[in-house]
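Participant: Taken in order, the sequence shown gives residues 8 to 523; the numbers are from our numbering. From the three backbone atoms N, C-alpha and C, an ideal C-beta is built for every residue, glycine too. Keep in mind the model is a prediction, meaning the values are calculated, not measured.
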Amino acid sequence: MHIYSFSPFGYEGSLVSVEVDLRRGIPAVDIVGLADGAVKESRDRMRAAICNSGFDFPLERVLISLSPADLKKEGAGFDLAIALAVLAMKKGDLKEGKILVMGELELSGNIRSVRGVHAAAATAFSAGIFRCIVPFSNGDEAREVSGMQVFAARNLTDAFYSLSHTECFITGITGRDSYVPRQCVETNGVLFSAVTPEYEYANITGQPELVRGLQIAAAGGHNLMAFGPPGCGKTFALKLFPALLPLLTVEEAQSVTRIYSLAGILSPSEPLMRVAPFRAPHQTATIEGMCGGGVHCRPGEISLAHNGVLFLDEALEFRSSVLQMLRVPLESGKITLSRAGRLTVYPASFQLLIATNPCPCGNYGSKTKVCLCSARSVELYWKKFSAPLLDRIDMRIHVDQNFSEEESSRKSYARTTEELRKQIAEATTIQRKRQGKKNAKLQASELSTFCRQDPAAEDFLHKSVCRYGFSPRAAASCLKIARTIADMAGSEVICKSHIEEAVSYRKNGGGPDFCV
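#1: With a Cβ-Cβ cutoff of 8 Å, do Val-108 and Leu-94 count as a contact?
#2: Helix, strand or coil: which one does DSSP assign to Pro-367?
#3: Does the beta-carbon distance from Arg-68 to Ile-33 come in below 8 Å?
#4: Looking at the secondary structure, which residues open and close the alpha helix (DSSP H) in which Pro-336 lies?
#5: Which residues in the same chain have their Cβ closer than 6 Å to the Cβ of Tyr-471, if we skip the five residues on either side of it in sequence?
#6: By how many angstroms is the C-alpha of Gly-227 removed from the C-alpha of Ala-464?
#7: Where does Ser-419 fall in DSSP's three states?
#8: For the beta strand (DSSP E) containing Ile-10, list its first residue and its last residue.
#9: With DSSP as the reference, please indicate the residues paired to Thr-178 in a beta bridge.
#10: When you compare only the Cα positions, how much space is there between Ser-339 and Phe-62?
#11: For Ala-362 versus Glu-321, is the C-beta distance shorter than 8 Å?
#12: With distances taken between CB atoms, is the gap from Phe-176 to Arg-138 smaller than 8 Å?
#13: Just curious, the beta strand (DSSP E) that Met-232 is in, first and last residue?
#14: May I have the straight-line CA-CA distance separating Arg-326 from Pro-336, to the nearest angstrom?
#15: One question on the structure: do Val-406 and Phe-357 come within less than 8 Å of each other, judged by their Cβ atoms?
#16: On the three-state DSSP scale, how would you describe Leu-73?
#17: Going by beta-carbon coordinates alone, are Ser-393 and Ile-342 separated by less than 8 Å?
#18: With His-405 as the anchor, note down where its beta strand (DSSP E) starts and where it stops.
#19: So, with DSSP's three-state summary, where would you put Ala-509?
#20: Please report the residue range of the beta strand (DSSP E) in which Leu-198 lies.
#21: With DSSP as the reference, label Pro-395 as helix, strand or coil.
#22: Check this for me: beta carbons of Leu-269 and Pro-306, under 8 Å apart or not?
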């Protein structure tokens, strides 16, 4: 029986072979293979767990080898693998084959949960290892790896028994039968989370342009910035955004689940992350907190927002270096971390939502309040957003609160979350069938194939590019937004009205000039 465990590092991690040799000599346990303190301490935990589970600990000198030898092994997840390898060597009558084993042992022999089980099971399956023994609380997480045979053990006795009884293993479910949250609803063939009162867009009145923009952003995955004075409702509306997001497909959820499993924050009640992540870091976040890193190269906020949303409230209060760091992940959809001679690449394909004030005091451009900021301070305030970063934000919406009584009554109608979801579901279904990804992720080479325009739309876009000085990226962004609007309307061809609405969201360049 060849036993493997898993060393979580970065996104990929590494399989670790656990070998045991019993030899004559003074009884002792030696561990080789660049083990850290937690792994070395497993000698005592493993010995106590074996004895307290009713097994006889070998009286020989025990040598435990963790290979590859030049890979640093960290954490307590090796306990169960080492204990089973020792027992298997002592018994010597177990079946042949390869098996993945993870778990932390208590002195009583019970098994505690560990992080990275989903990543370990996926890595092992791709390496030709089709059976695994994991802690009971991590069982559902491992079964979400399609085809993996899983035994969820409560204690060392159960785990050792399963080594020689393959009928104990349960084959992982197929993608079609993967986990679906209990509280979810279907709208036009697309699954959404159940609507709760705190996520109801009907509570927002007087901001139809903002709500419409958020609907388009949710349908096509477009980055969006809302700016306006304090109290206008921009933050409130953006925090309701998760209610507009469809559940992730099984394929999308696999990579998200792997990241959350490696981070150790995957909920046992949610073995597969079908609900799109919504991350809202505080303004004091550091570059490492956003990018990830540390000794173990843990994922940062942008990777935890993979296939979901990263929301920056009061964005201009973030450090300039943190904001500029977003440029590369927004473009490439991944981030590369290098620590202590090791390299890892995390997926980071996220949708960026930004809410900010027009100036430090927030009153710039207001018709009823006085702005106390100097022209220089307003300019420096907006310079935190560099031109390359702003160019990557598809939609810019100015949110105003200065409504007259006539305007307020005209704009008082509010659409419910369920009503907004209908067109989002239509667009989502079309995109999944057509290109398998959201319109915002279309490459430049794909625009001519998927974004067909009628002559009037093509002419209007060309004139808009010249009039507003759009960059090639901005022109492509208009086309992608128009494609989403057309999908929501059920149109195969992009019409002039679709382009007009798309340009209206893009031409708002942001900054104080637009607030006047």
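Facilitator: On the basis of the supplied data:
#1: no
#2: coil
#3: yes
#4: 334-339
#5: Tyr is not the amino acid found at residue 471; the sequence shown has Ser there. Val-510.
#6: 19 Å
#7: With a pLDDT of only 47 at Ser-419, under 50, the local geometry of the prediction cannot be trusted, and the value read off the model is given with reservation. If DSSP states are grouped into helix, strand and coil, Ser-419 belongs with coil.
#8: 9-14
#9: Gln-156
#10: 53 Å
#11: yes
#12: yes
#13: 231-234
#14: 17 Å
#15: no
#16: strand
#17: no
#18: 402-405
#19: helix
#20: 197-200
#21: helix
#22: yes
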